[in-house]
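The end of the sequence shown is residue 296 by this note's numbering, with every number in the run present. Built from N, CA and C at the ideal position, the CB exists for glycine as well. First up is the structure itself, then whatever we jot down about it.
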Amino acid sequence: MDRSAVLNRAAWDRQATLLLPADRPSRPGRLEWTQYPGHGPGIDLLGDVSGRTVVEVGCGSADNLAALAAAGGHCTGIDLSPAQLERAAVRWGQQTMSLLCGDARTLLAEQPTAFDICVSIFGAIGHCPPEQLLPVITDALRPGGLLAFSVAHPRWLDAGHSHLLLADGTRVPVTRWTATPTGWIAAAQAAGLHVRTAIEIETPDGSGPCCLIVLAERPGSTTLASAPSSTAGRPAVVSPVPAAGRTGCPNRRTLPRARQPWPGPSRYPYDVTRRQPTTPRTPLSQIVRPEGPTW
Ligand SMILES: C[S@@+](CC[C@H](N)C(=O)[O-])C[C@H]1O[C@@H](n2cnc3c(N)ncnc32)[C@H](O)[C@@H]1O
């Protein structure tokens, strides 16, 4: 395991030993893309998932995967943390989902063209090197398959987010990568994906963007119906959008090589745990953040 996997697995294993926040659903609920439950788009962003093969990378306790399974998706959840997946199995055992423990970069590499849809919701995308994970996701999608991911908006993240604040008040180190919308678009394109759109979601109180959702597809013959697409073959940046198993942990060491060199330091995600951002941001002190134990 590399540094990101070691740190993140330890952090989310520890989080899983603590009480779940009270707002977590006991039955499959709404698909939540943002930090604010009930806010922003829902499952409709993916089109009709019924009968589709869906994988979530970094599924955690699988609340969102449960929503996808309840909507008829054939769901697989991947996570580094055995404790998170144990919690997922306890919470959603009756749902139809497979839970795989390990690094998404290696587990997905073993499943070329296996999935219609790949989802990451504050998940593996943003927590490990994107130049390693995104090309593997491209290959794991069937031609025409859809990648949809949400990450914190770059104005939310600085070096302080190299730690995860847990429910007991302790802070544990994690690794995070972030970028501007154009940076994430460039990263997805470098991985061979066609970016349909990148949507900045504003906080419920309208104080500015809180997260970014990117929709991209693997080029190919069949396009999944009804998810939003850009109009002129160029990705659209919409800014901002108004409010609206089985477990077991293989010890895998070989990481895939990046398909292409990264587009350049000013255009691709940076590791917030190591570098200072190069783009202007709103200072975190000006942002009302729901930071808590859940992300
Ligand atoms: C913030 S949690 C998100 C959980 C879930 N997506 C949700 O919305 O509730 C991030 C999860 O990503 C997992 N993760 C981070 N890097 C990963 C990787 N390279 N492969 C698989 N899982 C990873 C962590 O273990 C953690 O459970």
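- Annotation: residue 176 to residue 35 spans about 19 Å, alpha carbon to alpha carbon.
- One alpha carbon belongs to residue 26, the other to residue 122, and they sit about 16 Å apart.
- Assignment of beta strand (DSSP E) within the region 56 to 125, counting only whole runs of 3 or more residues, yields 75 to 80, 98 to 102 and 116 to 122 in chain order.
- Separation of residue 38 and residue 114 (C-alpha to C-alpha, rounded to the nearest whole angstrom) is 32 Å.
- DSSP places residue 213 within a strand segment (E or B) once states are collapsed to three.
- Segment contact: the region 125 to 136 against the region 170 to 188, three or more CB-CB distances shorter than 8 Å; contact assigned.
- By the neighbour-count criterion, in which a residue is buried when 16 or more other Cβ atoms sit within 10 angstroms of its Cβ, residue 184 is buried.
- Non-local C-beta neighbours of residue 152 in its own chain, meaning closer than 6 Å and more than five positions away in sequence, comprise 127 and 213, ordered along the chain.
- Ligand 1 has no heavy atom closer than 7 Å to the beta-carbon of residue 93.
- In this structure, residue 76 sits away from residue 154, with a CB-CB distance that is not shorter than 8 Å.
- In the DSSP annotation of this structure, residue 147 is not part of any alpha helix (DSSP H); the continuous beta strand (DSSP E) holding it starts and ends at 142 to 153.
- In this structure residue 82 touches residue 13 by the C-beta definition: roughly 4 Å separates them, less than 8 Å.
- Going by beta carbons, residue 19 and residue 167 fall inside the 8 Å limit.
- Separation of residue 7 and residue 61 (C-alpha to C-alpha, rounded to the nearest whole angstrom) is 16 Å.
- Annotation for residue 73: 50, 51 and 52 place their beta carbon closer than 7 Å to its own, counting only its chain and skipping 5 residues before and after.
- In the DSSP annotation of this structure, the continuous segment of the alpha helix (DSSP H) that includes residue 12 starts and ends at 4 to 17.
- Per the coordinates, the alpha-carbon of residue 196 lies some 10 Å from the alpha-carbon of residue 188.
- Beyond the five residues adjoining it in sequence on each side, residue 169 comes within less than 8 Å, by CB distance, of 19 in the same chain, given in chain order.
- Sixteen is the threshold: when 16 or more other Cβ atoms of the shown chains lie within 10 Å of the Cβ of residue 96, as they do, the residue is buried.
- DSSP, read as helix, strand or coil, puts residue 167 in coil.
- Remark: the shortest separation between the CB of residue 125 and any heavy atom of ligand 1 falls under 7 Å.
- In this structure, residue 66 lies away from residue 149, with their beta-carbon atoms at least 8 Å apart.
- Distances from the alpha-carbon of residue 193 to those of 181, 218 and 208 put 218 closest.
- The alpha carbon of residue 41 has as its nearest neighbour, out of 221, 104, 16 and 205, the alpha carbon of 205.
- Rounded to whole angstroms, residue 203 and residue 33 show a C-alpha spacing of 14 Å.
- By the Cβ neighbour-count rule, residue 80 is buried, with 16 or more other Cβ atoms within 10 Å of its own.
- In the structure shown, residue 33 adopts coil according to DSSP, grouped into three states.
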